[in-house]
Structures are given as C-alpha cells and as structure tokens.
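Residue numbers (my numbering), protein chains in the order written: chain V, 665 to 991; chain A, 665 to 991; chain H, 665 to 991; chain E, 665 to 991.
This is how it looks when you write it as structure tokens:
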C-alpha cells in the first residue's frame, strides 16, 4: 500500500523536483501539490523539465490525513506555522525550510530575525542528514531537511569531525540555489561571465555547519554562472598528525561505507557525476605543512541539497529502502 | 569647442554604454545623465563595466540649452513626449526608442498600441542608419536610432535591396537586448542551456525591416544564452539570376566601400569581432537552386544595435568624423 | 528473456548515452561496449553522468551472435564496414552513423567523399524515423538512425510534406553535436558568449532532409553556447491557401496523434521540456502574406537526435513497446 | 620618439592581447609579433577581438636591437632560452612565462621539472608586481611578469603581509587561463554547467605566492565556466588582534593609495568592474572568532593577470606614466 506525500510549495525549484520525484516513486503517491500564484496550472507547465501533469492547487491543510507525509518548501517563518498545523493533524513532515534546523532558538532568531511559533517542535525535530542521524530520522515526526551548503560541507569534513580545530568553507553554488523569483542578482546579464562572493562570513547556513561540525566555521559562498550544482572546498586544521592522502582516503571510505549516496573520490570531484541526482562525492587531501586537511564535497543543490535529500528522508521515515525512487 | 550630449535614461544597458561613450569621446562632453530609481548613484556604481563616476540625476529638460544634443533611451511612448519637449527647446535628438522609426503612424500605432503625441515630428525624423541616410542624418533635428534586429538584418540584405522579392529574418540575440528589468524571461536558470524563439512573426521590429527593405519580412527572433551580440541569418528570394559567391561578395564590398563600420566577410561571421564595438560584419551566400541568397549580419546589440549607433549618428549630426570616439 | 545489445563506439557522447539507456532498459541487456583509446576504463569513468560501471573493451565482432542487436556509433565509412560484418553474422543493427541514410549512392559519395563498401545494404536499410517508417523499422535488418538536424526539421515540417514547395531550415545546436574530440571549434573560450553559423548551405544533413521532405532545402546550422539541445526554425512555402494557426495546430496534432514522442505545442517551444529525453516538441505558425508556414522543432541532439532515437528503433525492431526504457 | 616592443608568442591569449595593447599604445610601437603555426596570418585573423592587421611572423632574434623592449609569452623553459638571447643583445625583457619568477632555483626546478639555462639572469630579474617592486622594475633588464593567481591573491593579502601567520588561497579562474590549445579540459561540454577543482595543493603558482607573502600557502584553484576573470578568496590567520572591518578597509586604502590599478572595495567584488581591463579590486573582512581575515581579489586573468600587467611593467621600464595605454 502506498503512502501519500503532500508537497507544499511545489512551484519553486526544490518543490517542483520533489513533487516529480514523489510522482515517479514506486511507493509514494502524490497528494496535493500546492502553489499560490501558479495554482491552476499543471506542474509540467510551471517546470517543463518535469513531466508531471498534476495540477497545482492552493494549500489545504484540511485535506491531509493522519499517517500522511508532507514536505514543506516554504520560506522560513511561513514554514514553521504550516509544519505545526500538519503535525497537529498527525502528518509526518520533512521541513525543507530552515525553520527546524537550529535547536538553539537564540541562534535561529538572531539569524532569521523572527521568533519561532512552536519552540517545542524545534526541540523535537531531527536534523535530516542520514549520514549523521539515520536512525533518529526513521521515527521522527519532523525532519529538518538541511541547507544545501551544509550538506556539501558537512559531508566534506564529517569523517574528521572529532579532530577539527576550526573550519573554513569556501563554497560555490549554481543560480537555482537563489530561487525562482526574478531579481537583479539572478538576471542572466549579471550572472554570466561572472563570479560573485556574497554574504561572506554572514550567511545563515554558517551556524548550521558549526552546529553539525562542533567548531567555528568561516563560510564564504560564491554565485556561479551555472544553473545546478554546488561545490564546497573546506579547509580545516586538525588535532594530531595530519594523515597521509592514503590514510585520509581510508578514513573517508570507512566513514561512508554504509551510506549509499556518498562516494569517496581519489581526487577532488567536479559536478558532472552528481548533477540531477541525489549523489554526493567527497575527497580529502592533506596539507601537512599547514597542519590541516582540505575536504571537497559536491552535490546537486536541488538534489542532495534539497529535493532528493527530502525523498531520502521520507524513505527512512516510511521504512522504505533508503535509495528507493532516487536511482 | 565641445558639444554637450545629455543622456536621458542612462541606467539601462544602452543608456549606460551611451553615456560612457560620450564621456570618453574627444569632442562631446557629457551633460546630464538621468535615471529615476537610480538617481543619486554614480554610473559606475550602476554599471560597473563603465568607469564613469558622474552621478545619475532626475531628468531636467529645463537644464538643456539650444544647440545641445540629447539621446533618449526611454521606453516607447514616454520617449515621444520627451523628444518633443527637447526639440521645442532647440535640442537635437537621437531617439533610441522606437517612437520615431515608423513614419506610417497607422503602423506605429498598431504595433505599439499608443497614439503618437507629435505626428509632425515623426514625419520629420530621419531613420538613423548612416548606411542608408548619412546625409539626411547630418542635418536632422530628430534621428530615429534603429532597432537592434533591423540593423543586423537590413545590413545583411541592403546591397540587394532593389532585387528582393521577400525576406525571412531568423535572428538570435543576447539577453541584454531584453533590458535590465528582472523578469522570469531573463532569470539565469531559464536562459542558460536553452534557446527560445519568441514573438515569432509578431515582433515590433518586423515593420521597421519591411519599411527599409521594401518587402514583406517574416521575422523570428530567438533568445540566446549570451549577454551581448546579435546575429541575423536572412533568406531572400531575388529577381533575376542568383549571383555567384564571388559576385555577391563584390556587390556587398561595393555597397559598403564607403561605410567604415561595415566589414564584408568571405564566410558567415561569428560574434567575436563585433562584441563591445560599433562594428558590423556581413556576408552573403548564393542558393541558386532556391532562387535566393542568404545574408548574414552580426553586431553587438548594445553597440551598433543601440549606443554605438547613436554616437555614430551624433558624430554625423555634429559634423564630426563618423568614427570619432568609436574606435 | 532479454535481448543483447552491443554498442560499438560507446565512449563518444551518443554512444555513452546509448549504452546507459540500454543498461537501464527493462528488456535489453548490454553486450560489449567498445572503445579504442578508452578501452579498459569503465563507462562511468569516461562519462561521469552515466552511472554504468561496465568496462569498455576493444571491439570484437566475433563475440556477437545471430539474434543479437547492435548499435554502431562510428564515424561514417568506418561504420559501413562494421555494419556489413555484423549483418553477415545475423546481428540486426541500428547504424547511428550516416552510412545508410542516403539510398542514392551518388549523393552519399558526393557528400561523404567515400565509396560505399556494401551498396546492397544501403538499398535494404530503413531510414529510422518511426514517425515515417514505423512498420518497416520493425522488420529491418539495418536501421539508419537519422541525423540530429534532420530529426528536428523533418518533424517540424512533416505534417505538410505533400504541400511543400521549398524549405529553409535555420537550425541551432548545442556543442555536444560536434563530438567529443577537442578542437579549436569546441574550445570553451571560442564558444561561450558567441554564436557561429557554420557549413552554411553545405552541411551533409541537407540531402537527408531533402530526401525526407521531397523538396530542395536551404540549410544553415549555427553553433550555440550550450551543451545539449537542438532547435530548428523551418520556413516553407506551401501550395494552396495557408491554414490558420488553429488549422495548422489541428493538422499537426492529427499527424502525430499516434506518435508518443512528438508533442505539438501552441507556441514555439524552447529546449527545457526535451533536454535529456527522447521527446520532440513541434509547433507551426502561418505567414499568409508570405504564402508560407513556419515550423519549429526542438529535441535533445543526443537524445531524440541520436541515442534515444536509436533505442526507440531498437524497441520497434525487438517488438517491444515503443517507449520502453525511454521514460 | 617611440620605443619598439616585440611580442614573442603573440598568437596565444596573453600574447595577442599584449600585442593589441602595444599597438594602441601612445608611446610604444609594435615590433615583430611572432608565432609558429600561425605565422603568415594577421593578428586579427587569429584573435578577432583585436583589430590589429599586422602579420604574425616567425621569431627572429636577429631583428631586435639594443634599446628595444620585448615581451616573451612562451611556455616555461622555452622562454628562458629566448630571454637570455634577447638580454645578450641589449633588449630589455618582460618575461610573461614563469621562468624568472622564482629566484630559489631549487624551488623552480622542483616545480617546473627543468634546469634553468641562465641562473644569473634569474638572480637579476625583478618580480614584476609594481605594487611591491615599482622602483626596481624601472631599471630592470628582466622583469618576471607574475602568474595570474599570484596577482589576485597577493594583492588580496599584501596590506597585512607583516602579520600573516599562514594563508589559504581558494581561487577561481576563467578558461582562458588554461591557454588556447584544445584539450579535453577546455572542451565546452566539459566546462559548461560545471566547476572543477584542479591541481589542488599542487599548483605551480603556490611557491610564487609563498615567496611574496612570506608564509606557507595552501592553494586550490578551480576552473569556472567563464572565459575571462579570476577571483581569489584568501583566508589568513594573523598575529595580534583582528582589525575591525573599518580598520581593515583603512589599512588596505592606505597600502594602495599610490597604486592606480588597485581599488579597495567595501564589500567583496565580483568580476564586472575588472574584465577586459588592467584593474584589480580588493576587499577584506575580519573573522575575529577565527583570528583571521578574509581577503578578496579580482582581476582579468589575461589583463592584470598577464598582458595588461606586462604593459604596466613596460611603462615603468620605459619611464612612461604607469597607466599609459591601459585606460
């Protein structure tokens, strides 16, 4: 018997792919897929790369049932409100927004500028990286789907987490990460033949990385003239001697042996093997003179960085094979 | 003694380059450069590729003097109003908008959906292609700077104008041609790795081409994933025998011998030789079996297609060398 | 019971995708996948976007069996030789090269500059557009997979084939169409921010179009700064009155009603709905004043233009559902 | 009276622009511009963006005279040989190759894998960053034009050189930096919609940075899907308290007050203001919690990173204004 997954906010880049993944999933069936401005149009019409003819509708929490699943792809603050209502009805939720990622509410409120309406749900939510919390995700009522930058950078450093002294994350993302709203920032003429550092040392994903890695993170994102793909080059000083390249590779291989979506590469990966997938590729190199290692992580920012990751979490929550519908 | 050139609407792509060209021009000096939302910012701040520190100001027609020149880079309809006011003060104007290009007001009003406020000025205006109207431009009060698509396609077919039976213009333009306003159409994620035909057989530049070439023109523009550059591949049946490739080349060479900004190439040009310049490159090939020739034209849509073309016209109006400040 | 498909020339763009499609196909199983320089590497290593770990091997015709299928992605002339050997062993072949597309050997030899080694096989081969020859493909020993440009342009005009007086095909293709060999033409710095007409009125795909459409075709291809995707804007004068837009749409809908991979659109399509698929989208607009229609076709040049098309043909040859493994 | 500048290796990206800059320079006149494969073609034909009709010739050292200047854009090792011959004839040389950048010959030979033919000339050569060695450049016989990555990263950290404890340079470059030779690495289909870290912790520009900054440098370059432009984000721990943002800005302003081609920005710059120029833009932000600063530098890799930089050096050597011919 299939499980119903509702996708709230399905007209954006992440929501549209999430709806398409659910639609093609062997086990899940698509419940309502919602939009505001685009209600009444088909998903395919709004996002032609996804061959889904189902119609976008205005959100209707009342049409969900206990036992259903939902993915919420709303802006932060708006998401928290909806997640609460869904959970109250017995719906289990993957929150693709940032609203349940930071259990330290003081940090959340400082970075997002709003008060959280349901602190008890933040406390309960599980951070949705299966490579860290696989078992807790299985039984969670609320899974906080991680940010795209944190996914790539945490995976790039996680195997040495216990030895990190600090971390620098220099990340580069495709434009789809900025969302679908037309702004001067995403005008083709602004982006093409350009690279833009932005929100340097001030991006909201930094506390999420720091929380997962346990150290201060200096984070500088850069906007790339590509649509999809995200790379993080991560520089971290570590305690103890710096492993050799072979030792590093073995440590990474060992850490991810049981995680189907993380592949450890011998050398720093480009984006070709991960685009339009839920795969991550990582590598690490030693810098013994600097007392540090350099970790590399690449993902599709909409895939493993959002929609694919959400389906991976839904698979765990629904007790399905972790890779189902994702390969 | 220098001449003053005011640039109205200098924050857009064409206006900004026009202001920069005037600023660097040996003879002209920059009068007011105007903007609305961006008033108070420097041009360099608004358009970092142009090293001009002058401040954008709100437009002030009263600050212009008889004998000054002005270039008007406003949306159509708004331009006509301003051009009239300027001419009334004795300012000679290059109208970069479409408002003075179509002397047949019925055609203008059908395509632009507005009534023209100053029909007598449309009648007086000279169509600003120096390759057609060089002498009339010299003495004009109003020069109607041509559209970017017409420049490339008219130049591609002009040498055979008297023999044309019809014309098809299949044109491809960079995104800057769509202007600076952020819309879904110019979102990087929409444009990259894509090509979009748009306004097929319904674009406002078609009547402008037809007027200059004297035949019906089937015009289909396509949006390219590039910032700057415009190419027109033009298919035209002609009366009489189809010249050989060598004959065609000679006809084109002869037609443009006296026109410094048009280079005739042996084979169809790409965009590299014209980007960020006021140059045009053209070529023509015979299709004897089809009774037609194929003409090719490339320009920079903001250069020879707008701002550079305007300066070329200003040079003529001010009795300066035609290439001054453009090489 | 599955059928074996060998892919000869699997390291190139088309061959690699073809191997990946066969690998993931419910019915087919992958036989040898061959390469010369890359023999010994896995397909995934050579083409990271395809998750296929099978190793590329040097071609071995002796390892094929009667009843097997093969797809040949060799350069022309080399392909003809191999196809002959395979057919002699009872292998049924889709020739992705140009070697069996032109039954008029005089035309073939003039355009490809070689003599065909097996004229009787050219005579026997079926041109592999299911929208024209579906039934003949089912029983063919050799299917000549069409060129990428012909697929898009023939589909754009096919519904009016009987009324065509002539045809102009102005096509734009992604760089993958130029193949994997590094040359000055495909250097990133040459392609980006550029558009290049090439082989204007002299491209080898023109006779293939003319053969399918029954009229002279003036064909000008242009190289786009994108990887994958191909668009053809086709201008054709027709006999009799030019249908209205609605009538044209109905004619196209009717022609393709039974063809699952061709979608008729109301307005000219961009590439988003077809990239990385075997889908084609077409549209047509009337130009009554010019006595012509304008047909539009978009495909993925490696998908419906090569590898996907080949699998569609293999499905027919193996008596499988036409869409199997392609959606 | 003008000075003659010969450009050896003028068909590559840097050499072609250098020749064009010299050609348009008010004081310099272009001597021989050399090429091997492209000898006999005009520069414009080889590099259409530069309107220089002079013909490329095979190199002829005998055609140079004492008092001439030369710029050598050869591959390393080949350059050293030629530079020696030129200096022996009394020609003053800017070596755009790496052959005279590393006075520590052991370091040079380890990184470049060749023995230097003229050690005494390496010892004599001046490292060609005017922001460090302006006065020594004026009188040098050999100026070692710096690498593109070092220019951007050294400028990004130079104002705090005396307080640096270490440095990490995460740099991103356009494809033109990889040179004009077609390889798999620069195939459009490989580069577009991608980002590739390469030679991580193993790039030859690292010792050049370390030499200029006086600390160990961990350097990871990344290949961007753009043609021209280079950005370096540089993370450095410093001794003493970390300055505030305002203090940092003042330190940078002060350091570069006298250097016309370096602009200090309030926030991290993108590439728009430097492309196709000899300008550099830098910025710095404090990370007090990490005890470090983050410096940003952007340049045009062919401009301030090669050809423009060389002309700036030639201006100094010829006792001309530093900005002549560069604005």
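Just so you know, even glycine gets a beta-carbon here, dropped at the ideal spot from N, CA and C.
Being a predicted model, the structure only gives us computed values, none of them experimental.
If you measure between the beta carbons of residue 961 of chain V and residue 820 of chain V, is that distance less than 8 Å? As a first step, residue 961 of chain V is located in the first chain; it is residue number 297 there, counting from the start. As a first step, residue 820 of chain V is located in the first chain; it is residue number 156 there, counting from the start. Contact: yes.
When burial is assigned at 16 or more other CB atoms within 10 Å of the CB, is residue 1050 of chain E buried or exposed? Nothing about residue 1050 of chain E can be read from this structure; chain E reaches only from 665 to 991.
Is it the case that the segment 671-682 of chain V contacts the segment 694-708 of chain V, given that we only count it when at least three CB pairs across the two stretches are under 8 Å? Between the segment 694-708 of chain V and the segment 671-682 of chain V there are three or more inter-stretch CB-CB distances shorter than 8 Å, so the stretches are counted as touching.
Hey, could you find the ends of the alpha helix (DSSP H) residue 784 of chain V is sitting in? For the purposes of this step, residue 784 of chain V is taken as residue 120 along the first chain, with counting starting at 1. Counting along the chain, the alpha helix (DSSP H) containing residue 784 of chain V begins and ends at 783-788.
Below 8 Å on C-beta distance, what does residue 838 of chain H contact in chain V? Counting from one through the third chain, the residue named residue 838 of chain H turns up at place 174. Here the premise fails: no neighbours, minimum Cβ distance about 14 Å.
Min CB distance residue 939 of chain A to chain E below 8 Å: As a first step, residue 939 of chain A must be located in the second chain, where it is residue number 275. Taking Cβ atoms only, chain E reaches closer than 8 Å to residue 939 of chain A, which makes this a yes.
If we cut at 8 Å on Cβ distances, does residue 860 of chain H have a partner in chain A? Counting from 1 along the third chain, the entry for residue 860 of chain H is found at position 196. Yes - at least one Cβ of chain A is within 8 Å of the one on residue 860 of chain H.
DSSP puts residue 772 of chain E in a beta bridge; with which residues? For the purposes of this step, residue 772 of chain E is taken as the residue at position 108 of the fourth chain. According to DSSP, which records beta bridges pairwise, residue 772 of chain E is partnered with nothing at all.
Provide the residue span of the alpha helix (DSSP H) that contains residue 743 of chain V, from first to last. In the first chain, residue 743 of chain V corresponds to position 79, counting from 1. Counting along the chain, the alpha helix (DSSP H) containing residue 743 of chain V begins and ends at 742-752.
Using a Cβ cut-off of 7 Å, pull out every chain H residue sitting near residue 857 of chain V, in sequence order please. Start at 1 with the first residue of the first chain, and residue 857 of chain V comes out as number 193. Within 7 Å Cβ-Cβ: 857.
Quick one: list the residues of chain A neighbouring residue 871 of chain H, beta-carbon separation under 9 Å, in chain order. Here the question's residue 871 of chain H lines up with position 207 in the third chain. Going along chain A, no residue has its Cβ under 9 Å from residue 871 of chain H, so there is no contact; the nearest lies around 12 Å.
Using 8 Å as the limit for Cβ to Cβ distance, is residue 927 of chain V near chain A? For the purposes of this step, residue 927 of chain V is identified with residue 263 of the first chain, where counting begins at 1. Answer no: the Cβ-Cβ gap between residue 927 of chain V and chain A never drops below 8 Å.
When you compare each of V:950, V:908, V:917 to residue 900 of chain V by their alpha carbons, which one comes out closest? In the first chain, counting from the first residue as 1, residue 900 of chain V sits at position 236. Comparing Cα-Cα distances from residue 900 of chain V to each of V:950, V:908, V:917, the minimum goes to V:950.
Taking Cβ positions only, does residue 712 of chain H come closer than 8 Å to chain V? Counted from its first residue, the third chain places residue 712 of chain H at position 48. Chain V contact via Cβ: present.
Is it true that the segment 884-894 of chain H meets the segment 869-885 of chain E, where meeting means three or more beta-carbon pairs spaced less than 8 Å apart? no
Using a C-beta cutoff of 8 Å, does residue 705 of chain H count as contacting chain V? By one-based count along the third chain, residue 705 of chain H stands at place 41. No, no contact with chain V.
For a contact defined as C-beta to C-beta under 9 Å, what are the partners of residue 886 of chain A on chain V? Along the second chain, one-based indexing puts residue 886 of chain A at 222. Near residue 886 of chain A there are no residues of chain V at all, since even the closest Cβ is about 14 Å away, more than 9 Å.
In this structure, what does DSSP give as the bridge partners for residue 851 of chain A? Residue numbering aside, residue 851 of chain A sits at position 187 when the second chain is read from its first letter. Paired residue(s): V:851.
Closer than 8 Å to chain H by CB, residue 936 of chain V: Position 272 of the first chain, counted from the first residue, corresponds to residue 936 of chain V. Judged by the 8 Å Cβ criterion, residue 936 of chain V is in contact with chain H.
Opposite residue 951 of chain A in the DSSP bridges: which residues? The residue given as residue 951 of chain A occupies position 287 in the second chain. Bridge partners of residue 951 of chain A: A:956.
At the level of alpha carbons, what is the spacing between residue 859 of chain E and residue 803 of chain H? Residue mapping note: residue 859 of chain E aligns to position 195 of the fourth chain, counting from 1. Residue mapping note: residue 803 of chain H aligns to position 139 of the third chain, counting from 1. Taking the straight line from one Cα to the other gives about 46 Å.
What residues in the segment 816-849 of chain V bring their beta carbon closer than 9 Å to a beta carbon of chain A? 838, 839, 840, 842, 844, 845, 846, 847, 848, 849
With 9 Å as the C-beta to C-beta threshold (strictly closer), list the residues of the segment 956-975 of chain A near chain H in chain order. Under the 9 Å Cβ criterion, the segment 956-975 of chain A contributes 956, 958, 960, 962.
Option in A:695, A:682, A:680 with minimal Cα separation from residue 669 of chain A: Translated into positions along the second chain, residue 669 of chain A becomes position 5. With distances taken between Cα atoms, residue 669 of chain A lies closest to A:695.
Identify whether residue 720 of chain V lies in helix, strand or coil by the three-state DSSP scheme. The residue given as residue 720 of chain V occupies position 56 in the first chain. Coil.
With DSSP as the reference, label residue 800 of chain A as helix, strand or coil. Against the second chain, residue 800 of chain A aligns to sequence position 136. Helix, per DSSP.
Taking C-alpha atoms, which residue in E:933, E:734, E:930, E:759 lies nearest to residue 743 of chain E? For the purposes of this step, residue 743 of chain E is taken as the residue at position 79 of the fourth chain. If we check each option's Cα against that of residue 743 of chain E, E:759 comes out closest.
Considering only the alpha carbon of each residue, which of H:959, H:967, H:937 lies closest to residue 715 of chain V? Looking up residue 715 of chain V in the first chain gives position 51. Minimum Cα distance to residue 715 of chain V is reached at H:937.
Nearest-angstrom Cα distance between residue 908 of chain H and residue 810 of chain A? Taking the first residue of the third chain as position 1, residue 908 of chain H is located at position 244. Taking the first residue of the second chain as position 1, residue 810 of chain A is located at position 146. Rounded to whole angstroms, the gap between the alpha carbons of residue 908 of chain H and residue 810 of chain A is 32 Å.
Three-state secondary structure (DSSP) of residue 901 of chain E: The count along the fourth chain starts at 1 and reaches residue 901 of chain E at position 237. Residue state, collapsed to three classes: strand.
Check distances from the C-beta atoms of the segment 679-696 of chain V to those of chain A and list, in chain order, the residues that come in under 9 Å. none
Distance between residue 767 of chain V and residue 801 of chain V (C-alpha atoms, nearest Å): Start at 1 with the first residue of the first chain, and residue 801 of chain V comes out as number 137. Start at 1 with the first residue of the first chain, and residue 767 of chain V comes out as number 103. Their Cα atoms are separated by approximately 16 Å.
With H, G and I counted as helix, E and B as strand and the rest as coil, what does DSSP make of residue 831 of chain H? The sequence position of residue 831 of chain H within the third chain is 167, counting from 1. Looking at residue 831 of chain H - three-state DSSP - the assignment turns out to be strand.
Chain V partners of residue 882 of chain E, CB-CB under 9 Å? Taking the first residue of the fourth chain as position 1, residue 882 of chain E is located at position 218. Within chain V, the residues near residue 882 of chain E are 899, 951, 953, 954, 956, 958.
Is the Cβ-Cβ distance between residue 975 of chain H and residue 795 of chain H less than 8 Å? Translated into the one-based positions of the third chain, residue 975 of chain H becomes position 311. Translated into the one-based positions of the third chain, residue 795 of chain H becomes position 131. No, the pair does not count as a contact, with Cβ atoms beyond the cut-off.
Once DSSP output is grouped into helix, strand and coil, what is the label at residue 983 of chain V? Taking the first residue of the first chain as 1, we reach residue 983 of chain V at position 319. Residue state, collapsed to three classes: coil.
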